[in-house]
Every structure is written in structure tokens, then in C-alpha cells.
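Heads up, the sequence shown is in full-length UniProt numbering, so the first residue is 1 and it goes up one at a time.
First up is the structure itself, then whatever we jot down about it.
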Amino acid sequence: MRVLGGLYEGPGSHGILRAAASVEGVHAVLRAYPEEGYFAALYGALTRSGDPAPVSLSPVGGPGLARDLREISRKNPDAEAFVLARSEAALLSGEATPDLVLPESGETGRAPKLVACAWESPVVREIEAADLALEELVRAHAKPQAKSPTPTVNVFGPPLFAPGAEEEAQEVERLLNLLGVGATRVPLGASVGELARLPRAWANVVLYREVGDAATLFLQDEFGMPRVTTPPLGSAGTGAVMRAVGGLCSLDSGRVRRAVWAELARTAKLPWYARLAVPETFGCRRAVIFGDFTYSVGLGYTLAREVGLEVAWAGTYLSQLEKDFLFQAGTFTDEAFVTDDPGEVAARVEEADPDLVVGTHLEGAVADALGIPFLPLCPPVAQNPFAGQPLMGYRGSSVLADALDGALGGPRREPGRGGKTRGPLWTEEALEELEEVPAFLRGRTRRLAEERARAVGSPNVTPEILEDSRS
């Protein structure tokens, strides 16, 4: 058992509800105990739309799931599909999924589809569940279609509740329109009818691979639709996406090149800022980055290749994308890792003692304690730091330039002179013993050993002190 100081993602049922509530015409049914029905309150607080959440609760221990599904279907006649999600408690109860066909709707004249997520398990967490739920919806509705007469793409962005999701999609759609390419946004704001017409597009652009990977792989295998998976973060990433879309849509290369150069000249601030800033701003400065897959990889590459910062390490909490993350992060840093323990991340930050921390809101406490500039740019973030502004695209590169100027534009911070003093030095023998501790306990073990060394007045952590701190 682990005691964590916070969570990077919630249960799988929350991810399914986020994906389902993102699509218009889809109603979710949550099989859970009444105390677990928080989604409606969260929906109202975060969307502020005034509309009721497209989610209904089927209480565990109630009359029965099949009866609840029929009743919920009758009360929501305009729903074209129902998605069943079950909480961890409901999954552990061993209740089987009923095999039933919902009655025809009086409004549509058709029976709505029931999408049951057979892969649900307590080990499938929020982000992976949202990805798989979106694939289930696409698989249930996408039909063979003739290609659109003019170039169009499907833009797969983050689901409901993602910070800046609307602004990110708008910026990418703006850039695609400069190329004369139409865009259909998925899943946020898409309708069930648009899911059926997804194969009409010429390609799929994956903005947020965490929730869009499985669906676009299905479309690629089933309908032969190519996809673009480069994160449009920074000027280099955005330009790569525009050129890739231009190639897949058979656009004139000169037109694409002119659009890219025009945006670099009038919109993108980051390349100019990185070149014109005084050398002391970025020279010999180190950054660390931790978060999801898309923003950790995209921002890490941008900081290393466009800005010139040394990225000491990069990490993610998404274990299902570990192989791809380690490969991608290896292009801009020598150390990449996967963990969902905020304590281990905090210990790594303290050990690296960087000049900048880019991460989720859970890394804010350790950065503040060490006096290190902190940018909460990777989901999850408690509050969107750039409300109304994107991080993706050329406009996003300007937002990033302003953020970096605010974080690093002042006097240099002296290493080890943050809110905390640097911990005792570790002997080689103690470090060898620390390596034998499981990774998810290593951060806590390190802190306890250093606290014990301070308590006994030792400048070093020895194997004896390490053993004493664990007893």
C-alpha cells in the first residue's frame, strides 16, 4: 500500500464520463453508490453552461441495472447513444453487464446504441479509460464514407474538463484554415452524426495523444485514414504539423511554406525571443519537466531545441504510454522516467536543483519550497494559468515566451539557495543501497534518510544512517 500526497488522475469511470459527456447526443450511465455521483456537480461548476450534466446514476443495490437503463433511456429520448460506466466499487461487486436492446426513441424513431466498456477494470485509470471510451464511441458509429470534395481533417483534442481545450482547438483550426483545410473537432463539441462521418476526412490530426490514440488507430486500420501525431507545441512542432497536413491533403508546398513563414513573422514570438534574449537568460540553465505525455514531450522538445535550456530530466505519470514516452523524451534529455508518486517527483526535483520546474500543480509545492521558478503547464492543473489563451500553435508559442520571460527573466538563482537548504551528501555505498529500494518508495526513503542525517548532525548519509531511518 502507498500513501500518496496527491493523485495525477482519477478512476477509470471518471475518464469514461469525460469522454461521453464531450460528445453531443451521448448520455452516460454511471453504475455506482450514491456517494460516488459527483460528476453532475463537477460538470456544473466547471462548464458553467447552465445545462444539466448528460449523466445519470444507477445506484448499486437498486432495482437493477437493466431496469435503470430502460428508465434512463425513456427519460432521455433525444439521446442517440448511452455509455455505461461503473465505479471501482461496482466493478468489485462482480455485477454482470446486462445484454439488452434499448427501446426505440419516440423522437428519432431509432433505438439508441448502448456502449458497454467491457475492458473496465480497477487498474485502468482515468486517461486510458477516456481514450478507450472514445474509441468505443467511434467504433460504434463510424461508417464508410466517400472522401469530402475539399480537404478536411478530424482534430482529436482533449475531452471535457481539460484546461484550455477550447483555445487549443481554436488555434489549430485557425492554422488549418490558413491552408484551406476544414476541421471537425473530436470529441469536445462533436455530435453523434459527426462521429459517423469521421471517415470523410482526409486525415486525422491528434493534438492530445492520451485521448485520441486508440480511436485514430482504429480509423487508420478500418478506413485507411492517415494520422499526424506530432504535438503542435512550439514553432518547430507547429510547423511540422502544418507541413504534414499539407502533404496528406496534397496541398501546394509553396502555399504551406508561405503560411508557415507568415505566422513565424507576425504571430510566433518564441523563436525571436530565444534568439534576442540576453545570453544569461537561457545559457547554462537547467529545467525539469513532469506531466502527461503530450505536454511533457512537446514542451520538453521546445525548451531544449528552440529555447536552448538543458532539460535535466522529463517524466510522466502515464504508464500505458511508457515505451513511447521514453523513446520520445530520449530525443531531448538523457533521463526519462515514469511514476505516479508525487513524492518521488519531488525528490527528483530536489536532487536536480534546476533553474525551472515545468509540471502539474502537484509540483508547485516543492518548487516553492526550494525557491525555484515554476510553470504549471502540464495537466492536471488546479487552475488554468493562461485562461483564454492556447499553448499550442504559433499563438501558444508567444504565450510560452511570455511565461519563460516571467520565470527566467530576472536575476539568476543561486543553486541550493531556495526555501530549503540542500540535503546531506550521499556516500557511494548508501546510494547503492538506495537503488535496491523499489522506485515508488525511493523518494520517501531518501527524505527520511536525509532527515535522520540532519538529526544526528552528520554531513553525509551513510548506509548505517539509511538503515537506521528505515527501522
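Here a beta-carbon is modelled for each residue, glycine too, at the ideal position from N, C-alpha and C.
Burial state of residue i (16 or more Cβ within 10 Å)
i	result
Asp339	A small fix is needed here, since residue 339 is Thr in this sequence, not Asp. It counts as buried.
Leu150	It should be noted that the sequence gives Thr, not Leu, for residue 150. By the neighbour-count rule (16 or more Cβ atoms within 10 Å), Thr150 is not buried but exposed.
Ala262	exposed
Cys284	exposed
Ala455	exposed
Arg266	exposed
Arg275	exposed
Pro144	exposed
Val123	exposed
Leu270	buried
Glu104	exposed
Pro373	buried
Strand pairing of residue i, partner residues [DSSP]
i	result
Thr267	Its beta-bridge partners do not exist; DSSP assigns none.
Phe82	His27, Leu114
Val205	Val155, Val228
Gly315	Phe290, Phe337
Ser56	Val29
Asn460	Leu425
Leu375	Val358
Nearest residue (CA-CA) to residue i, options the options
i	options	result
Gly193	Glu24, Val366, Glu363	Glu24
Asn460	Glu467, Ser469, Asp468, Glu450	Glu450
Thr281	Ser253, Arg255, Leu321, Leu356	Leu356
residue 473	Pro424, Arg139, Val155, Thr97	Nothing about residue 473 can be reported from this structure: the residues present for the chain run from 1 to 471 only.
Gly457	Arg395, Gly212, Glu435, Leu425	Leu425
Glu429	Pro463, Asp405, Ala407	Pro463
Val260	Gly315, Ala240, Ala369	Ala240
residue 472	Ile372, Asp292, Pro34	The question about residue 472 has no answer here: the residues shown for the chain are numbered 1 through 471.
Thr97	Lys75, Val124, Asp68, Leu321	Asp68
Pro277	Val186, Tyr33, Asp405, Ile72	According to the sequence displayed, residue 277 carries Ala and not Pro. Nearest option by C-alpha distance: Asp405.
residue 475	Arg31, Ala142, Arg209	In the structure displayed, the chain extends from 1 to 471; residue 475 sits before or after that span and is not available.
Val358	Ala304, Pro158, Leu248, Phe290	Phe290
Asp221	Lys75, Ser121, Leu65, Val138	Val138
Arg197	Ala403, Gln170, Met225	Met225
Pro231	Leu309, Phe218, Tyr317, Phe325	Phe325
Pro199	Leu92, Leu176, Ser148	Ser148
Leu400	Leu195, Val186, Gly234	Gly234
Glu9	Val83, Gly94, Phe82, Glu126	Glu126
Between the CA atoms of residue j and residue i - distance to the nearest angstrom
i	j	result
Leu102	Arg18	23 Å
Tyr38	Val345	29 Å
Ser471	Pro376	37 Å
Gly61	Ala133	25 Å
Lys420	Arg446	Because Lys420 carries a pLDDT of 44, less than 50, the predicted location of this residue cannot be relied on, and the following value inherits that uncertainty. Rounded to the nearest angstrom, the two C-alpha atoms are 15 Å apart.
Ser397	Val181	22 Å
Asp252	Arg258	10 Å
Pro163	Ile16	18 Å
Val3	Ala347	Only weak support is given to the placement of Val3: the predicted model assigns it a pLDDT of 46, under 50, and the value that follows is read from those uncertain coordinates. Cα to Cα, Val3 sits roughly 15 Å from Ala347.
Ile465	Glu350	20 Å
Arg297	Gln328	Going by the sequence as given, residue 297 is Val instead of Arg. Straight-line Cα distance between these residues: approximately 7 Å.
Asp307	Gly246	The question names Asp, but residue 307 in the sequence shown is Val. Going from the Cα of Val307 to the Cα of Gly246 covers about 26 Å.
Ala28	Trp119	16 Å
Leu160	Ser22	5 Å
Arg255	Leu179	7 Å
Gly409	Val381	23 Å
Gly343	Thr333	22 Å
Arg86	Thr360	27 Å
Ala312	Thr331	12 Å
Phe440	Ala215	Confidence at Phe440 is low in this model, with a pLDDT of 48, below 50, so the placement of that residue is unreliable and no value is reported for it.
Phe337	Tyr295	15 Å
Met1	Leu7	Confidence at Met1 is low in this model, with a pLDDT of 38, below 50, so its placement is unreliable and the value that follows should be read with caution. Their Cα atoms are separated by approximately 14 Å.
Gly388	Glu167	6 Å
Leu207	Tyr301	16 Å
His141	Glu135	10 Å
Ser56	Gly12	17 Å
Ser469	Val172	52 Å
Gly100	Ala130	For the record, residue 100 in the displayed sequence is Leu; it is not Gly. Distance between the alpha carbons of Leu100 and Ala130: 24 Å.
Ala453	Leu431	14 Å
Thr47	Leu434	46 Å
Pro354	Ala183	40 Å
Ala111	His14	26 Å
Pro59	Gly189	28 Å
Arg227	Cys378	24 Å
Arg70	Glu80	14 Å
Ser121	Glu467	38 Å
Asn177	Ala40	35 Å
Ala236	Ala369	34 Å
Leu318	Ala20	21 Å
Leu321	Leu362	20 Å
Asp51	Thr316	35 Å
Trp202	Leu65	41 Å
residue 480	Glu310	Outside the displayed range of the chain (1 to 471) lies residue 480, so it cannot be described from this structure.
What are the complete alpha helix (DSSP H) segments, minimum 4 residues, inside the segment 227 to 304? Secondary structure remark: continuous alpha helix (DSSP H) runs of at least 4 residues inside the segment 227 to 304, in chain order: 234 to 248, 253 to 266, 270 to 276, 279 to 282, 294 to 301.
Contained alpha helix (DSSP H) runs [length at least 4] in the segment 118 to 190, N- to C-terminal order: Listed in chain order, they are 126 to 141, 165 to 178.
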